[in-house]
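Following: one structure in structure tokens, then a few remarks.
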Amino acid sequence: MEEIKIQNLDVSELLNYMDTLINDENPYNVNRKVDSLKAIFYQKINKKDNIKSSEEKDFEIKFKAYKKKKFEYRKKQEKEENNNFNNKKNIIEEIYNITKEKESLKDTFINFKKLTNKWKEIGPVPIHMKKDLWSSYHYAIEVFYDFIKINKDLRDIDFNRNKKTKENICEQAEKLSSNKDVNKSYKILQALHQEWKLTGPVKKEIRQKLWDRFKIASSTFNKKRNEYFVELKKKQKELITSKNNISKKIYQLVDAQPKSFKEWNLLTEKCNLLLKEWGEIKGLDRKSNTKAIINKQKALNNFYETKKLFFNEVKEKNKAIIKKQENICLEAEKMQKNTNWEETSKKLILLQKKMNSIKYINSSKSKKITKRFKSACNIFFNAKNKMNKEKQRKKNENLVKKKELLKEITNIKFKNEKKEISSTINKLLNKWSTIGQDINNKINFKISDALNKKFQNHSNNFELEILIYKIIINENNKNKYFLKNELKELKLEYTSLKLKVHQYENNLTFFAKSNKTNSITIESEKKLSLMKEQIKKIKSKIEIINKYL
Numbered sequence: 014m015e016e017i018k019i020q021n022l023d024v025s026e027l028l029n030y031m032d033t034l035i036n037d038e039n040p041y042n043v044n045r046k047v048d049s050l051k052a053i054f055y056q057k058i059n060k061k062d063n064i065k066s067s068e069e070k071d072f073e074i075k076f077k078a079y080k081k082k083k084f085e086y087r088k089k090q091e092k093e094e095n096n097n098f099n100n101k102k103n104i105i106e107e108i109y110n111i112t113k114e115k116e117s118l119k120d121t122f123i124n125f126k127k128l129t130n131k132w133k134e135i136g137p138v139p140i141h142m143k144k145d146l147w148s149s150y151h152y153a154i155e156v157f158y159d160f161i162k163i164n165k166d167l168r169d170i171d172f173n174r175n176k177k178t179k180e181n182i183c184e185q186a187e188k189l190s191s192n193k194d195v196n197k198s199y200k201i202l203q204a205l206h207q208e209w210k211l212t213g214p215v216k217k218e219i220r221q222k223l224w225d226r227f228k229i230a231s232s233t234f235n236k237k238r239n240e241y242f243v244e245l246k247k248k249q250k251e252l253i254t255s256k257n258n259i260s261k262k263i264y265q266l267v268d269a270q271p272k273s274f275k276e277w278n279l280l281t282e283k284c285n286l287l288l289k290e291w292g293e294i295k296g297l298d299r300k301s302n303t304k305a306i307i308n309k310q311k312a313l314n315n316f317y318e319t320k321k322l323f324f325n326e327v328k329e330k331n332k333a334i335i336k337k338q339e340n341i342c343l344e345a346e347k348m349q350k351n352t353n354w355e356e357t358s359k360k361l362i363l364l365q366k367k368m369n370s371i372k373y374i375n376s377s378k379s380k381k382i383t384k385r386f387k388s389a390c391n392i393f394f395n396a397k398n399k400m401n402k403e404k405q406r407k408k409n410e411n412l413v414k415k416k417e418l419l420k421e422i423t424n425i426k427f428k429n430e431k432k433e434i435s436s437t438i439n440k441l442l443n444k445w446s447t448i449g450q451d452i453n454n455k456i457n458f459k460i461s462d463a464l465n466k467k468f469q470n471h472s473n474n475f476e477l478e479i480l481i482y483k484i485i486i487n488e489n490n491k492n493k494y495f496l497k498n499e500l501k502e503l504k505l506e507y508t509s510l511k512l513k514v515h516q517y518e519n520n521l522t523f524f525a526k527s528n529k530t531n532s533i534t535i536e537s538e539k540k541l542s543l544m545k546e547q548i549k550k551i552k553s554k555i556e557i558i559n560k561y562l
């Protein structure tokens, strides 16, 4: 399974794949895959919000099992390598021993071949003992060929066979430099060196020449391999720099500090494009790619955590806005059937201003609340408009009635009898007071003037005027502006009259001291009496108004 496929697995699939890797016979064959899986597993653990602790514990148990198997495998391998070392040492001793035995050269050579074949079949030895062991083995081989006097024909045949084998090895090594697959060629070269070591000697005069040829072929390839890895390292550096630069761009996306969902959506699109660009960069080695993945994941975590924080803040703000709207709506719904028209109108208009001042949010809940609020306002104002139309109709009727009353007052005729006059006044005043408010307040003053003119010589003008004033004020008792303005004018008139009365009283006191009675004194007393009468009326009128304020 490729690394990119491992990256696509979820946490539970990674745990299952870990079981597959643990069951591999040679744990060292899957070592890189386990390292890669571990890195990806912990990245995904960090990405998940609600990761169960049991999954992480399960992975730790599996990873410990893998490490234990790896340790046991290594111990077993070390034991086998030590056994191989002892067996190969014994073969070297046996090679020395057969040179001392007295047997036919043919049998000696056959035994020698058996020992060398046995050597080839034995597996690897501890790496720190390998070099010395090979030196001892080759020395024993040379001793066998140089100091054992075997049949020259047999020796020459063996030398020639070894020569052909080593020449073939040289030819294969020389071709490796032209191969494009450097890693595969390197493995072939290692196998050729192994074969060289296992191949017996050649004639002394060509030994060094053949070795030099093989060594030059190996050096030529190794030089090419080194150049390949230098170039590869340079390319790897460029690739990881490109990937990390993209991760840096993703990390810096939030520096723009987006203030709306639209801005965040645009940034998310940019982030996805950068991720696509990151994924299109191929060719990184496993270790470098793992580091690049970690950097990318940090950048993504920063981006999405910042985005999540913004969305949570907006969510909380929207909750607060909806709460405000809900409270305003509830207030409006409480007042929707209130018949205190003027006061409720002011309160609802104030609530409308508050509702309009709240920031708009595109939320179904907010829209429902706004709809409820508008409905509550409409219920009240529709009822108020209906009431106003009925009130207006009634006022129009009252105006007609008052015009008829005015006509009746103007045309009335009666005998000069006090009882009849008093009854007529009471009847007219009672009729006027029961009519109610009209659309034009001027008609009241016309009725008042008509009554005063008609009865000024037949009744108590003070009482009549106060009765008329009571009717006018009572009819306008809810018009606070009219009442306050009327009260203000009465108080100004009252203050002015009081000053004049004081002045006239001073003047009359002066005239009284002179013991003279003249026309000025008489006129002044008359005016003073009228002013006091007017003050009395004003005080009565003020008392009438104060009852309604």
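If you want my numbering, it's the position in the sequence shown, counting the first as 1, plus 13. Ideal Cβ placement from N, Cα and C applies to all residues, glycine included. In this text the structure is predicted, and so the values were computed from the model without any measurement.
Under three-state DSSP, which class holds residue i?
| i | result |
| --- | --- |
| glutamate 114 | coil |
| valine 47 | helix |
| serine 273 | coil |
| glutamate 293 | coil |
| proline 40 | helix |
| aspartate 462 | helix |
| lysine 350 | coil |
| isoleucine 452 | coil |
| lysine 337 | helix |
| serine 376 | coil |
| isoleucine 135 | coil |
| threonine 212 | coil |
| asparagine 97 | helix |
| isoleucine 371 | coil |
| asparagine 487 | helix |
| tyrosine 561 | coil |
| lysine 426 | coil |
| asparagine 314 | helix |
| lysine 193 | coil |
| aspartate 71 | helix |
| aspartate 23 | coil |
| asparagine 492 | coil |
| aspartate 32 | helix |
| lysine 550 | helix |
| aspartate 171 | helix |
| aspartate 298 | coil |
| lysine 61 | Low per-residue confidence applies at lysine 61: pLDDT is 48, beneath 50, and the placement is therefore not dependable enough to give any value. |
Nearest by alpha-carbon distance to residue i: which of the options is it?
| i | options | result |
| --- | --- | --- |
| threonine 254 | Gly296, Asn110, Asn409, Asn454 | Gly296 |
| tyrosine 373 | Ser358, Gln349, Asn331 | Asn331 |
| serine 301 | Met31, Glu276, Ala52 | Ala52 |
| serine 149 | Asn99, Asp120, Lys366, Ala186 | Asn99 |
| lysine 80 | Ala153, Asp32, Ser67 | Asp32 |
| leucine 512 | Lys248, Arg174, Leu541, Ile154 | Leu541 |
| asparagine 192 | Asn235, Glu344, Glu218, Ile229 | Asn235 |
| alanine 153 | Thr233, Glu488, Gly136, Thr129 | Thr129 |
| alanine 186 | Leu202, Asn175, Asp194, Lys176 | Leu202 |
| isoleucine 422 | Asn443, Ile460, Gln405 | Ile460 |
| isoleucine 535 | Lys46, Glu106, Leu521, Arg174 | Leu521 |
| phenylalanine 475 | Asn401, Lys18, Ile551, Glu282 | Ile551 |
| lysine 18 | Gly292, Leu441, Lys328 | Gly292 |
| lysine 320 | Asn353, Lys387, Thr281 | Thr281 |
Short check: CB of residue i to CB of residue j, under 8 Å?
| i | j | result |
| --- | --- | --- |
| isoleucine 306 | leucine 287 | no |
| asparagine 257 | asparagine 196 | no |
| valine 215 | phenylalanine 242 | no |
| aspartate 462 | lysine 415 | no |
| leucine 503 | isoleucine 481 | no |
| isoleucine 392 | phenylalanine 316 | no |
| leucine 205 | serine 198 | no |
| leucine 412 | cysteine 390 | no |
| tryptophan 147 | isoleucine 104 | no |
| glutamate 346 | leucine 364 | no |
| isoleucine 334 | methionine 368 | no |
| isoleucine 294 | lysine 337 | no |
| glutamate 488 | glycine 449 | yes |
Assuming residue i contacts residue j (C-beta within less than 8 Å), just tell me the rounded distance between them.
| i | j | result |
| --- | --- | --- |
| asparagine 95 | proline 139 | 7 Å |
| lysine 176 | isoleucine 219 | 7 Å |
| glutamate 68 | leucine 28 | 7 Å |
Does any residue of chain D have a CB that is nearer than 8 Å to the CB of residue i?
| i | result |
| --- | --- |
| glutamate 218 | Of the chains in the structure shown, none is chain D; there is only one protein chain. |
Stretch-stretch touch, CB-based, cutoff 8 Å, three pairs: the region 210 to 227 with the region 179 to 193: In short, these stretches touch, since the Cβ pair count reaches three.
Contact the region 351 to 359 vs the region 393 to 404: 3+ CB pairs below 8 Å: yes
Any 3 or more C-beta pairs closer than 8 Å across the region 441 to 451 and the region 475 to 490: yes
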